[in-house]
Structures are given as structure tokens and as C-alpha cells.
Amino acid sequence: RKEVEQDPGPFNVPEGATVAFNCTYSNSASQSFFWYRQDCRKEPKLLMSVYSSGNEDGRFTAQLNRASQYISLLIRDSKLSDSATYLCVVKGPGSARQLTFGSGTQLTVLP
Amino acid sequence: DTEVTQTPKHLVMGMTNKKSLKCEQHMGHRAMYWYKQKAKKPPELMFVYSYEKLSINESVPSRFSPECPNSSLLNLHLHALQPEDSALYLCASSQSLAGSPSTDTQYFGPGTRLTVL
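Residue numbers (this note's numbering), protein chains in the order written: chain A, 21 to 131; chain B, 352 to 468.
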């Protein structure tokens, strides 16, 4: 089983749609959770950290379910500029553990 | 300011060349990273520096040699590379390796796109 698993997509949605991405992780002791977005041929950019209580930033909502080892990202009112690859990223316990990236979910928002 | 800069943006080199990639951050971060990313794949960790000391080497071939001259700079020296080493090389930094969301958050530079002929 991969440490971090994501549905690779692609997700093709019309502008204004709501889309949800899911991610599961295998290490129950994982400490920190993030969503990054990566545009084609660009670097990954932090979208948001994911906290146990869930958190929202504008049209983006992230949730963490530690019991099920599951992270989600909800994008409301999709914009063309949301088209990108979304990477689920998890950090294991302890300072020696590093970020583990999911394989990414590709989103295309269509006009 | 969450800027990490990398030079050069693009690099083409032959298998016998020696070149270096450079990375700089002025956020006061004490952990810096090198990643390699191939097309349509997630970044793969190569090296981690913590407080200017090499903390993690993910079994990277010796033709890649990292160096951390000071807390703001990270270099990757390249020698005798192979065509399969062609990839996007990303530098990142974080506050430290302390293990909380705020310290763990990594900020990436724009990368160097390397082509080995």
C-alpha cells in the first residue's frame, strides 16, 4: 500500500462546479497534512495546511479524519484558474520523517 | 515573503560536464531540501539540510553532491550525469524539522529544468 494515495483523475468540471478530492495515508502517527497545487511545468505551491478541526480559505475547504486516515479538499465555485494538479502531502512523525507526496490529482475547469 | 530563488532556470549539459545548481532563501529557514521531479510524477526527495548540516541523503548517486555554504544558500553540484537524470530540480525550505504544521511547511523555488545530453 502506498503511503499516500490519491485518485489521479483527471477531473474535468465546468466553471462554477463544486469538486472534491480525497486522499488516504497509511501511517497513523503522521503529524502534518497539506494540500499543494502545481501548475504545469511550475513548482508546487502551498494551498493550505490541514488541521484536525477542518479549515476553510475562501472557496477551499480542507478536512482531516484521523480515525479513517483520510484528508479531503473541497473547491466550490470552480474557476478556470483552479486548473492544476493538486498534491496531497503528509509528514510522518519525528523530525527525521519527511514530506510524502501523493501522486497528484489533475483538475481541469472547463469554460 | 515566502520566496525561494533558484538559478539557473534552465540548464543543458553533456555527460562529461560539471555544473552547479543554486538555491537561496531569506526567510530565516533552517531546513533546506533538494527534490527531483520527473514529468507527471510527484517530487522525490534527494537531500535534507538542517542547520547547515546534511541530515538526510535518500541514497542519491554520488554524481550529485550537495553543499550548504551558509543558512541561506544551498548548492547542488553535478558531475558525470546520465540522460535519465534530466528532470526538474526543486529546492525547498522550511522553518526547521521540529515537526509541527508551521515548521514543516515547505516553500518551493521555481526549479531548474535540467537536460542531460
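Even for Gly, the Cβ is constructed at its ideal location relative to N, Cα and C.
Residue i to residue j span [Cα, whole Å]
| i | j | result |
| --- | --- | --- |
| V363/B | L465/B | 6 Å |
| Q26/A | P412/B | 29 Å |
| T120/A | N47/A | 11 Å |
| L107/A | T125/A | 7 Å |
| A40/A | L93/A | 6 Å |
| K22/A | Y45/A | 8 Å |
| A431/B | K360/B | 20 Å |
| A82/A | V467/B | 40 Å |
| V33/A | S103/A | 10 Å |
| L427/B | G122/A | 25 Å |
| K111/A | P64/A | 16 Å |
| H377/B | F459/B | 13 Å |
| C442/B | N421/B | 15 Å |
| Q357/B | V109/A | 22 Å |
| K389/B | E435/B | 10 Å |
CB-CB length for residue i against residue j, believed under 8 Å
| i | j | result |
| --- | --- | --- |
| S73/A | P113/A | The Cβ separation is near 20 Å, so there is no contact. |
| M383/B | C419/B | 7 Å |
| I91/A | C43/A | 4 Å |
| S69/A | P452/B | 5 Å |
| Q446/B | H380/B | 6 Å |
Contact list for residue i against chain B, beta-carbon separation under 8 Å
| i | result |
| --- | --- |
| L67/A | Those within 8 Å of L67/A in chain B number zero; the least Cβ separation is about 11 Å. |
| S123/A | K392 and P393 |
| P64/A | P394, L441 and F459 |
| K111/A | G450 and D455 |
Paired residues, beta bridge with residue i - DSSP
| i | result |
| --- | --- |
| T358/B | K373/B |
| T125/A | Y106/A |
| M366/B | DSSP output for M366/B lists no bridge partner at all. |
| A40/A | L94/A |
| M383/B | Y400/B and S444/B |
| Y71/A | Note: Y71/A sits in no beta bridge, so no partner. |
| E76/A | T81/A |
| K111/A | S52/A and L119/A |
| Q26/A | C43/A |
Within chain A, the residues that residue i reaches when beta carbons sit closer than 8 Å
| i | result |
| --- | --- |
| V399/B | Q118 |
Chain-ordered chain B contacts of residue i [CB-CB under 9 Å]
| i | result |
| --- | --- |
| S88/A | Those do not exist, as S88/A stays about 20 Å from chain B at its closest Cβ, beyond 9 Å. |
| F54/A | P452, D455, T456 and Q457 |
7 Å Cβ cut-off: residues of chain A touching residue i
| i | result |
| --- | --- |
| G462/B | E63 |
Where residue i meets chain B, residues with beta-carbon distance less than 7 Å
| i | result |
| --- | --- |
| Q83/A | Within chain B, no residue comes near Q83/A; the closest Cβ sits about 15 Å away, beyond 7 Å. |
According to a CB-to-CB cut-off of less than 8 Å, which residues of the stretch 93-107 of chain A neighbour chain B? L107
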